[in-house]
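I have placed the structure first, in the form of structure tokens, so that the comments after it can refer back to it.
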């Protein structure tokens, strides 16, 4: 048995080498397809290359087919690197990182999402990041909803838009726990509105009203709130429910929309849910 071990080990190593070679060959083949796509589409601006809906579809398919001992977060990061690199091949872009109460965590989130192929740098302030976005169509900005700069109060959603929420896969053991939004110039193909991001003023029992619609208050300052709400919910429906509860909402300013993220619950949360059944 021990005499056969070296030969068996050599065969396993050869299988690994063969797999690595095939993975590399497929990446090269993918780059050739992207090169063909570039010539067909003629993309040159990030607004024409970013397809957040397609990215969301790819990541959902990845989660559904994943199995085995390889951590899902590892596969997610590899795919993110691939997606980001090939997007940049179609239309080079740079990243500005906005303010955060935890800059290191936000930077980790950016590198997990976009890898190391795309240039990224910290903006002096959220206001500077938004000003740069309006000047330069080759930029996107990563903005923390909990930034002390309160960028969302000056974001009008007219010339810029939020088109993604990070991270897309949310889990208790995920290697990055910061959250942020991706902002940039208007995309040539607007993303489907699974979730809308609204800024509005609210008074009265507005928390209960929003809870009835499974909406999420992301952050607030005085009576102004930043809310994630289902794209299927209209402002009129929200106001009708609010009237029953003694709450009021101003006309919302829509900052953008994005695909609904995938949520995984931890074992403790699962046990709690089972106990409640």
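Residue numbers (UniProt numbering): 1 to 277. Heads up, the beta-carbon is just placed ideally off N, CA and C, and yes, glycines get one too. Nothing here was measured: the structure is a model prediction, and the numbers come from that model.
C-beta contact flag for residue i and residue j at 8 Å
{"i": "residue 183", "j": "residue 162", "result": "yes"}
{"i": "residue 249", "j": "residue 202", "result": "yes"}
{"i": "residue 191", "j": "residue 52", "result": "yes"}
{"i": "residue 229", "j": "residue 199", "result": "no"}
{"i": "residue 246", "j": "residue 212", "result": "no"}
{"i": "residue 115", "j": "residue 87", "result": "no"}
{"i": "residue 144", "j": "residue 180", "result": "yes"}
{"i": "residue 152", "j": "residue 37", "result": "no"}
{"i": "residue 139", "j": "residue 111", "result": "no"}
{"i": "residue 108", "j": "residue 176", "result": "yes"}
Residue i: first and last residue of the uninterrupted beta strand (DSSP E) it sits in
{"i": "residue 161", "result": "160-166"}
{"i": "residue 117", "result": "Taken as a continuous stretch (DSSP letters only), residue 117 belongs to no beta strand (DSSP E), as it is neither H nor E."}
Enclosing alpha helix (DSSP H) for residue i [first to last residue]
{"i": "residue 90", "result": "72-90"}
{"i": "residue 110", "result": "103-114"}
Beta-bridge pairing of residue i - partner residues as DSSP gives them
{"i": "residue 233", "result": "Answer by DSSP bridge pairing: none, since residue 233 is not bridged."}
{"i": "residue 228", "result": "197 and 216"}
{"i": "residue 97", "result": "122 and 142"}
{"i": "residue 254", "result": "198"}
{"i": "residue 221", "result": "224"}
{"i": "residue 262", "result": "169"}
Identity of the residue in the options nearest residue i by Cα
{"i": "residue 73", "options": "151, 88 and 173", "result": "173"}
{"i": "residue 159", "options": "179, 234 and 136", "result": "136"}
{"i": "residue 238", "options": "257, 218 and 210", "result": "210"}
{"i": "residue 96", "options": "11, 134 and 263", "result": "134"}
{"i": "residue 55", "options": "80, 40, 148 and 125", "result": "80"}
{"i": "residue 40", "options": "100, 66 and 90", "result": "90"}
{"i": "residue 127", "options": "98, 109, 108 and 104", "result": "98"}
{"i": "residue 264", "options": "258, 207 and 171", "result": "171"}
{"i": "residue 241", "options": "20, 215, 124 and 157", "result": "215"}
query = In chain order, which continuous runs of the alpha helix (DSSP H) of length 4 or greater are located wholly inside the stretch 19-66?
reply = 46-49 and 52-65
query = Can you list, in chain order, the stretches of the beta strand (DSSP E) that have 3 or more residues and sit fully within the stretch 129-211?
reply = Counting only runs of 3 or more, we get 139-143, 160-166, 180-185 and 195-203.
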